[in-house]
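Asker: Be aware that the sequence shown starts at 1, since it is given in UniProt numbering, and climbs by one per residue.
This is the structure, below, for whatever I ask next.
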Amino acid sequence: MKNIITVLLMGATLYSCTKPENKAFENKAAEPEVTTIEKTDSVVASNQSPEVKESSEENKKETVELAAFPIQQVIKGYLPLKNALAQDDAQKASDAAKSLLSILKKIDIVKTNAKDNSELRDILESASENAEHIGENSGDIGQQREYLLSLSNDITDLIEEVGTGGLKLYQDFCPMYNNGRGGTWISETKEIVNPYEGTKMLNCGSVKKVL
């Protein structure tokens, strides 16, 4: 009997000592699993974040399409000016020059397909200056015609750089103007209508080139 009680007491003691250790062992064994899961989720999230961010940035990017250089607008601003001088109308030429200057000033070459054309920038600057001078000289048609000669050369240079924009044009030449050195201009008609001599010699000149 005494032996039985002794055995029972020893068993209880061993059980009480072993149970906490088993529980601690179970907890310790469980912890790595939880840590592993959390770490795995963190790694997955970390791996996905750059891709999600990149995708988001790509969706936000807008495709910037460069516009064609507005050569038609420039030419259509030039023609009324040239025609006004052919009619000996200095005020009308001045108004047309101011309209052309407004067109030239609004051109942002960076947004056009000719943005890398440095020569084109210089031509636009020269054309703007000549249009401005014509606009300022409504009381001196002789001065206006001198600046028209330079402006016409600018328009010719623009056409050589970017084309006519689909417009059919003519490059005309007057041999009498500028003390016999002559002068060219751009016209929308084959018929000669001379802006340098005006009504005095309206049909003086010839077609030099079809553009």
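We put the CB at the ideal spot given by N, CA and C, even for glycine.
Under the rule that 16 or more other beta-carbon atoms within 10 Å means buried, what is residue 181, buried or exposed?
Answerer: Indexing the sequence shown from 1 puts residue 181 at position 181. Result: exposed.
Asker: Buried or exposed: which applies to residue 131, given that a residue is buried once 16 or more other Cβ atoms fall within 10 Å of its Cβ?
Answerer: In the sequence shown, residue 131 corresponds to position 131, counting from 1. So residue 131 ends up on the buried side.
Asker: From residue 146 to residue 116, what does the alpha carbon distance come to, in whole angstroms?
Answerer: Counting from 1 along the sequence shown, the entry for residue 146 is found at position 146. Counting from 1 along the sequence shown, the entry for residue 116 is found at position 116. Going from the Cα of residue 146 to the Cα of residue 116 covers about 31 Å.
Asker: Leaving aside the five residues before and after residue 203 along the sequence, list all residues of the same chain whose C-beta is less than 6 Å from its C-beta, in chain order.
Answerer: Here residue 203 refers to the residue found at position 203 of the sequence shown. These residues qualify, in order along the chain: 192.
Asker: If you reduce the DSSP assignment to three classes, tell me which class residue 183 lands in.
Answerer: Translated into the one-based positions of the sequence shown, residue 183 becomes position 183. In the structure shown, residue 183 sits in a strand (DSSP, three-state: E or B).
Asker: Distance, Cα to Cα, residue 172 vs residue 144?
Answerer: Within the sequence shown, numbered from 1, the residue matching residue 172 stands at position 172. Within the sequence shown, numbered from 1, the residue matching residue 144 stands at position 144. Rounded to whole angstroms, residue 172 to residue 144 spans 18 Å at the Cα level.
Asker: Under a Cβ-count criterion, where at least 16 other Cβ atoms within 10 Å of its own Cβ denotes burial, should residue 166 be classed as buried or exposed?
Answerer: Taking the first residue of the sequence shown as 1, we reach residue 166 at position 166. Result: exposed.
Asker: Does the CB of residue 165 have a neighbour CB from chain C at under 8 Å?
Answerer: Considering every chain present, this structure includes no chain C. It has just one protein chain.
Asker: Roughly how many angstroms separate the alpha carbons of residue 169 and residue 211, rounded to a whole number?
Answerer: Reading the sequence shown from its first residue, position 169 is the one you call residue 169. Reading the sequence shown from its first residue, position 211 is the one you call residue 211. Approximately 5 Å, taken between the alpha carbons.
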